[in-house]
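For the sequence shown, the UniProt record's numbering begins at 1 and goes up steadily by one.
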Amino acid sequence: MEYPFVSIVVGIRNEEKFIEECIESLLNLDYPRDSYEIIIVDGMSTDKTRDIVRRYPVKLLLNERKNVAAARNLGVKNAKGELVAFTDGDCKVDPQWLKTLVHEMQEAPDDVVCVGGPNLIFDTDPVFGRVVGYAQESFLGSGGSAQSKNSTKKHYVSSLPNCNAMYKKSAIQEVGGFDERFVVGQDGDLNYRINKKGYRFLYIPEARVLHHRRGTLKSFSIRMFKYGMWMAELFKKHGEFVRWYAFLPSIAILFAVTLFIASIKYYTPSLILFTLMAIYFILVLITSMQVTYKMKSKYGLFALLIIPVQHIAYGLGFLYSFTNPPLVSKTCSCSDI
């Protein structure tokens with residue numbers, strides 16, 4: 001196997017709790033140490049993150065714009081390698097991670113410009129985070145997205161999350177890099193533009209990355225609302241849905257509200273609304289039981305609450321952004337990388 005030089009880019013901000021674990025895992029990769037570099041791009045952290053990073057033989061860059069898209073652009077701009085791998089500061093990569101990605105890229109057809117793998121859950125994370133993680137691996141939680149479901153089969157996908165992905169740098173540069181106006185969803189936007197050039201993405205189940213899940217119900221709701229907002233912004237930017245299921249929660253909310261108002265107006269219970277809600281509840285219950293089985297804990301039943309909250313918050317965020325002026329215009333002003 002050949003070992004091409006790879007640049008690993010990690011965009012962070014206030015990750016003092018996990019960044020040491022992340023860097024240690026990258027330094028202990030089963031890959032020649034002189035054949036890869038680690039670029040940590042810090043978004044002006046206000047905790048001890050930078051002090052921790054400076055203890056290690058890595059390249060530290062400062063990202064004054066603070067957002068993740070700008071961090072990744074800065075990392076790509078300073079990358080020595082023609083292959084650029086991304087992970088996050090709250091992730092721990094498998095020792096074989098980089099070797100697996102490089103091997104698959106070498107074996108793949110020329111039109112494959114990105115390879116990546118699953119986004120796995122730490123069994124030691126708090127209960128809430130683990131329930132969220134397992135719920136989002138389900139069909140209801142992932143919208144059927146193969147990479148979110150952590151499939152065990154190698155196959156082509158439409159997008160790969162940048163907590164676990166490696167690109168040909170030329171492909172990122174060809175489409176102008178990450179759009180720095182996107183607070184979230186910047187990897188989905190980049191991948192959409194790369195797809196439009198006729199390139200493909202390959203999911204590799206053996207390229208494993210563990211990803212810490214954090215937060216509370218409140219922060220989770222806010223995050224899902226923002227995801228919905230920025231998915232609508234992606235639609236407004238490109239004129240079509242980046243993910244086919246993006247509008248479904250919003251449609252469901254509007255449909256349910258319409259039926260509810262109609263039932264009040266005509267003083268008759270809506271059989272359609274009742275039936276659909278019953279079907280949805282059954283699906284959520286089945287998913288919650290699956291989460292409980294995976295966790296081997298009764299706390300998996302929290303998914304009964306988490307999944308509806310995810311759908312409602314996401315749907316409301318999409319509707320809010322969709323019915324307001326664009327936050328992002330169709331003219332991309334990505335950084336020059």
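Backbone N, C-alpha and C define an ideal beta-carbon position, used for all residues, glycine too.
Would you report the Cα separation of residue i and residue j, rounded to the nearest angstrom?
{"i": "Ile282", "j": "Ser151", "result": "24 Å"}
{"i": "Pro161", "j": "Ile264", "result": "44 Å"}
{"i": "Gly133", "j": "Ile121", "result": "6 Å"}
{"i": "Met166", "j": "Phe235", "result": "25 Å"}
{"i": "Lys226", "j": "Val184", "result": "8 Å"}
{"i": "Lys154", "j": "Lys298", "result": "32 Å"}
{"i": "Glu174", "j": "Leu305", "result": "43 Å"}
{"i": "His212", "j": "Leu327", "result": "30 Å"}
{"i": "Asn14", "j": "Thr49", "result": "6 Å"}
{"i": "Lys294", "j": "Ile12", "result": "30 Å"}
{"i": "Pro109", "j": "Arg193", "result": "19 Å"}
{"i": "Arg223", "j": "Tyr314", "result": "8 Å"}
{"i": "Pro57", "j": "Ser288", "result": "44 Å"}
{"i": "Lys77", "j": "Gly176", "result": "11 Å"}
{"i": "His238", "j": "Ala256", "result": "28 Å"}
{"i": "Phe260", "j": "Phe274", "result": "10 Å"}
{"i": "Glu104", "j": "Tyr156", "result": "12 Å"}
{"i": "Leu26", "j": "Asp94", "result": "9 Å"}
{"i": "Val6", "j": "Leu101", "result": "10 Å"}
{"i": "Asn119", "j": "Leu276", "result": "32 Å"}
{"i": "Asn195", "j": "Val53", "result": "35 Å"}
{"i": "Lys296", "j": "Asp123", "result": "11 Å"}
{"i": "Ala246", "j": "Phe182", "result": "17 Å"}
With residue i as the anchor, note down where its alpha helix (DSSP H) starts and where it stops.
{"i": "Cys22", "result": "Ile19 to Leu27"}
{"i": "Arg193", "result": "Gln186 to Lys196"}
{"i": "Asn73", "result": "Val68 to Lys77"}
{"i": "Pro298", "result": "The sequence as given places Lys at residue 298; Pro does not occur at that position. Where Lys298 is concerned, there is no enclosing alpha helix (DSSP H), given that its DSSP letter is neither H nor E."}
{"i": "Lys226", "result": "Leu217 to His238"}
{"i": "Gln106", "result": "Trp97 to Glu107"}
{"i": "Gln310", "result": "Ala303 to Phe322"}
Starting from residue i, follow the beta strand (DSSP E) in both directions and report where the run begins and ends.
{"i": "Arg13", "result": "Careful: Arg13 lies outside any beta strand (DSSP E) and carries neither H nor E."}
{"i": "Asp42", "result": "Tyr36 to Asp42"}
{"i": "Leu60", "result": "Lys59 to Leu62"}
Can you list, in chain order, the residues of its chain whose CB lies under 6 Å from that of residue i, leaving out five sequence neighbours each side?
{"i": "Glu82", "result": "Lys169"}
{"i": "Phe302", "result": "Val131"}
{"i": "Ala232", "result": "Phe318, Ser321 and Phe322"}
{"i": "Ile129", "result": "Rather than Ile, the amino acid found at residue 129 in this sequence is Gly. Closer than 6 Å at Cβ, skipping near neighbours: Arg213 and Arg214."}
{"i": "Ser250", "result": "Gly315, Phe318 and Leu319"}
{"i": "Phe201", "result": "Cys114, Val157 and Leu160"}
{"i": "Val127", "result": "Tyr299"}
{"i": "Ala70", "result": "Asn63 and Glu180"}
{"i": "Val242", "result": "Gly188, Tyr192 and Leu234"}
{"i": "Tyr31", "result": "Leu98 and Lys99"}
With DSSP as the reference, identify every bridge partner of residue i, one or two as the case may be.
{"i": "Lys168", "result": "Leu83"}
{"i": "Phe201", "result": "Cys114 and Val157"}
{"i": "Cys91", "result": "His211"}
{"i": "Leu120", "result": "Leu210"}
{"i": "Ile8", "result": "Ile38 and Ala85"}
Measure how close the beta-carbons of residue i and residue j come, nearest whole angstrom, since I'm counting them as under 8 Å.
{"i": "residue 399", "j": "Ile38", "result": "Absent from the model: residue 399. The displayed extent of the chain is 1 to 337, so no value can be given."}
{"i": "Val41", "j": "Leu61", "result": "5 Å"}
{"i": "Val10", "j": "Gly89", "result": "6 Å"}
{"i": "Arg65", "j": "Phe86", "result": "At roughly 17 Å, the Cβ-Cβ gap does not stay under 8 Å, so Arg65 and Phe86 are not in contact."}
{"i": "Val291", "j": "Ser138", "result": "7 Å"}
{"i": "Asp106", "j": "Glu2", "result": "For the record, residue 106 in the displayed sequence is Gln; it is not Asp. That pair is a contact at about 7 Å."}
{"i": "Leu210", "j": "Leu98", "result": "Actually they are not in contact, since the Cβ atoms of Leu210 and Leu98 sit about 15 Å apart, beyond 8 Å."}
{"i": "Asp111", "j": "Tyr199", "result": "6 Å"}
{"i": "Ser270", "j": "Ala278", "result": "Wrong, their Cβ atoms sit about 12 Å apart, outside the cutoff."}
Please tell me whether residue i has its Cβ less than 9 Å away from any Cβ of chain B.
{"i": "Tyr56", "result": "Given the protein chain composition of this structure (a single chain), no chain B is represented."}
To which residues of the same chain is residue i closer than 8 Å at the C-beta, ignoring the five residues directly before and after it?
{"i": "Asp125", "result": "Gly133, His212, Arg213 and Arg214"}
{"i": "Lys80", "result": "Phe5, Ser7 and Glu37"}
Leaving out five residues before and five after residue i in sequence, what residues of the same chain have Cβ atoms less than 7 Å from its Cβ?
{"i": "residue 420", "result": "In this structure the chain extends from 1 to 337, so residue 420 is not present and cannot be described."}
{"i": "Ser221", "result": "Val309 and Ala313"}
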